[in-house]
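Take a look at the structure set out below.
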Amino acid sequence: MFPVYVSPMRPKFHPSLVNDRFGDPALYIDFRQERRAILFDLGDIHTLSPRQILRLSDVFVSHTHIDHFIGFDHFLRVLVGRDKEVRLYGPSNFIDRVEAKLASYTWDLVERFQTELVFTATEVGAGLETRTSRFRFSHRFIREDLAKGRAENGVLLAEPALTVTCAELEHHSTCLGFALQESTHVNVWKNRIQEQGLTTGPWLATLKAAIHEGQPDDTPISAERDDGTREDLPLGFLREEIISIEPGQKIAYVTDAVFSPANQTAIVNLARNADILFIDAAFAEGDVELAAHHGHLTTAQAGSLARRAGAARAEPFHFSPRYEDYEDRMIAEVDAAFNGD
Numbered sequence: 584m585f586p587v588y589v590s591p592m593r594p595k596f597h598p599s600l601v602n603d604r605f606g607d608p609a610l611y612i613d614f615r616q617e618r619r620a621i622l623f624d625l626g627d628i629h630t631l632s633p634r635q636i637l638r639l640s641d642v643f644v645s646h647t648h649i650d651h652f653i654g655f656d657h658f659l660r661v662l663v664g665r666d667k668e669v670r671l672y673g674p675s676n677f678i679d680r681v682e683a684k685l686a687s688y689t690w691d692l693v694e695r696f697q698t699e700l701v702f703t704a705t706e707v708g709a710g711l712e713t714r715t716s717r718f719r720f721s722h723r724f725i726r727e728d729l730a731k732g733r734a735e736n737g738v739l740l741a742e743p744a745l746t747v748t749c750a751e752l753e754h755h756s757t758c759l760g761f762a763l764q765e766s767t768h769v770n771v772w773k774n775r776i777q778e779q780g781l782t783t784g785p786w787l788a789t790l791k792a793a794i795h796e797g798q799p800d801d802t803p804i805s806a807e808r809d810d811g812t813r814e815d816l817p818l819g820f821l822r823e824e825i826i827s828i829e830p831g832q833k834i835a836y837v838t839d840a841v842f843s844p845a846n847q848t849a850i851v852n853l854a855r856n857a858d859i860l861f862i863d864a865a866f867a868e869g870d871v872e873l874a875a876h877h878g879h880l881t882t883a884q885a886g887s888l889a890r891r892a893g894a895a896r897a898e899p900f901h902f903s904p905r906y907e908d909y910e911d912r913m914i915a916e917v918d919a920a921f922n923g924d
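In the numbering used here, the protein residues as written are 584 to 924.
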């Protein structure tokens, strides 16, 4: 794992590239306080521990080229035999690809298991139209078509505390870019907790959820005192006394996109004001024609897009192996364009 993000506050999201900048794309975003994680892209993930894989609730796949989807088999191998529900998201024909993966194995012993593994797959078609299907272990992963809909404003996942949006990008086929946005960042001040005679504990998660859900100030929150007793305190009081609310984190992820006018607009809009933008920079600044031929960005293009989006930080990845001895130069070219040098 290659952690790259450090924040002075206690961030909700902790993103790490699963592989180095030359390896298969996969961005693991841990929600440490929730024992949950999401994944952008599903390349080679053998370095993730079973514990890390079991934390995954949602997996967003940009497209199903082998280096972005080969990890599904390892993912499946870890999860089979466990009670687990995972939501999967991808571009057009993604459900067919998931179905083909699952159908390639013989599931003749499912009746011996008391556990249920469920994949719910949503694909995003032209105009952000969506289709959703379910695959259940107990049914030998036979496809069950569910709803059709539309990802309004690109929103694929909406929860009180966060949203994940997508953008359609042009590669050799449609490729999706993603952005994870925290609604607001709720920061708990430990010293203020102590001043109120309270202690930390699971009750703080309940408090944060109530704030994200916009519950009224008189909502009672069962707070834990430092002597082990509990007391119902108003949400409004706790928010004023022990909480500060700041703008939420935003993490954007863009890979395998050509530097076309439409893609430029979509990427800038998707990544606008991101705290960090993980962005494809497969080719060096001087190899513009090669990048266009392969449907990727150059280092300079990646850096300029991050600057135009107003991202606080650009993290390039998906470097072509041809530059394996020039990683520092590739990063420097991104940084130069990002900083407007």
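All C-beta atoms in this analysis are idealised placements derived from N, C-alpha and C, irrespective of residue type, glycine included.
Cut-off 8 angstroms between Cβ atoms - residues of its own chain near residue i, not counting five sequence neighbours on either side
i, result
"Q616", "K595, A788"
"A919", "A883, G886"
"V663", "L700, F720"
"T782", "I776, E807, R808, D809"
"S590", "Here the model assigns S590 a pLDDT of 45, short of 50, so the residue's position is not dependable and the matter cannot be decided."
"A875", "V841, F842"
"P817", "D800, D801, T802, P803, I804"
"Q798", "L818"
Extent of the continuous beta strand (DSSP E) run through residue i
i, result
"P817", "813 to 817"
"Q697", "Where Q697 is concerned, there is no enclosing beta strand (DSSP E), given that its DSSP letter is neither H nor E."
"E765", "757 to 765"
"I621", "619 to 623"
"R670", "667 to 674"
"L745", "745 to 753"
"L740", "738 to 742"
"F900", "897 to 900"
Spatial neighbours of residue i in its chain, beta-carbon cut-off 6 angstroms, leaving aside the 5 residues before and after
i, result
"I621", "I612, D641"
"Y588", "With a pLDDT of 45 at Y588, under the threshold of 50, the modelled position of this residue cannot be trusted; read the value that follows with caution. So the qualifying residues of the chain are P598, I859."
"G607", "Rather than Gly, the amino acid found at residue 607 in this sequence is Asp. Only G626, D627, D650 meet the Cβ criterion."
"L685", "F718, F724"
"G708", "S675"
"G878", "H754, H755, V841"
"E682", "R726"
"T647", "R680"
"T530", "One cannot answer for residue 530 here, as it falls past the ends of the chain, which runs 584 to 924."
"G673", "V644, E706"
"N856", "G893"
Contacting residues, own chain, Cβ-Cβ under 7 angstroms from residue i (five flanking each side not counted)
i, result
"G780", "R808, D809"
"L631", "V601, Y611"
"D666", "T698, E699"
"E778", "none"
"Y906", "A867, M913"
"R775", "E824, I825"
"H657", "I628, H629"
Rounded distance between the beta-carbons of residue j and residue i, thought under 8 angstroms
i, j, result
"R733", "E712", "6 angstroms"
"V558", "I828", "Nothing can be reported for residue 558: it is not among the residues displayed for the chain, which extend from 584 to 924."
"A840", "N846", "5 angstroms"
"E753", "S843", "6 angstroms"
"V917", "A892", "That pair is no contact at about 14 angstroms."
"F861", "E910", "Rounded, the Cβ-Cβ distance is 16 angstroms, inconsistent with contact."
"R638", "R660", "Not quite, the Cβ-Cβ distance comes to about 16 angstroms (not below 8 angstroms), so this is no contact."
"F605", "F902", "5 angstroms"
"I678", "R634", "About 29 angstroms; that fails the 8 angstroms criterion."
"A750", "A889", "Contact flag wrong, Cβ pair sits at about 15 angstroms."
"F900", "D863", "7 angstroms"
"L740", "L790", "L740 to L790, Cβ: 23 angstroms. No contact."
Residue i: first and last residue of the uninterrupted alpha helix (DSSP H) it sits in
i, result
"G606", "Where G606 is concerned, there is no enclosing alpha helix (DSSP H), given that its DSSP letter is neither H nor E."
"V661", "655 to 662"
"S887", "882 to 892"
"A686", "677 to 686"
"R775", "773 to 778"
"V917", "910 to 921"
"D627", "First-last for D627: undefined, no H or E at that position."
"F652", "649 to 652"
"L637", "633 to 637"
Proximity test, Cβ basis, 9 angstroms: residue i and chain D
i, result
"R733", "Among the chains in the structure shown there is no chain D, since it carries only a single protein chain."
Decide yes or no for the touch test of the stretch 830 to 843 against the stretch 762 to 777: beta carbon pairs closer than 8 angstroms, at least 3 of them. Look at the beta carbons and you see the stretch 830 to 843 touching the stretch 762 to 777: at least three pairs across the two are nearer than 8 angstroms.
The stretch 733 to 752 contacting the stretch 798 to 818, beta-carbon criterion three pairs below 8 angstroms: By the C-beta criterion, the stretch 733 to 752 is judged not to be in contact with the stretch 798 to 818, since fewer than 3 inter-stretch pairs fall below 8 angstroms.
Inspect the CB distances between the stretch 813 to 833 and the stretch 862 to 871 and report whether three or more fall short of 8 angstroms. Under the Cβ criterion (8 angstroms, minimum of three pairs), the stretch 813 to 833 does not count as touching the stretch 862 to 871.
Just checking, does the stretch 721 to 730 make contact with the stretch 745 to 753 on the three C-beta pairs under 8 angstroms criterion? No, they do not touch.
What residue ranges within the stretch 792 to 877 form continuous alpha helix (DSSP H) runs of no fewer than 4 residues, ordered along the chain? As far as the stretch 792 to 877 is concerned, its whole alpha helix (DSSP H) runs of at least 4 residues are 818 to 825, 844 to 853, 871 to 877.
If you scan the stretch 711 to 736 from start to end, which runs of the beta strand (DSSP E) of 3 or more residues do you find wholly inside it? The qualifying runs are 712 to 719, 726 to 733.
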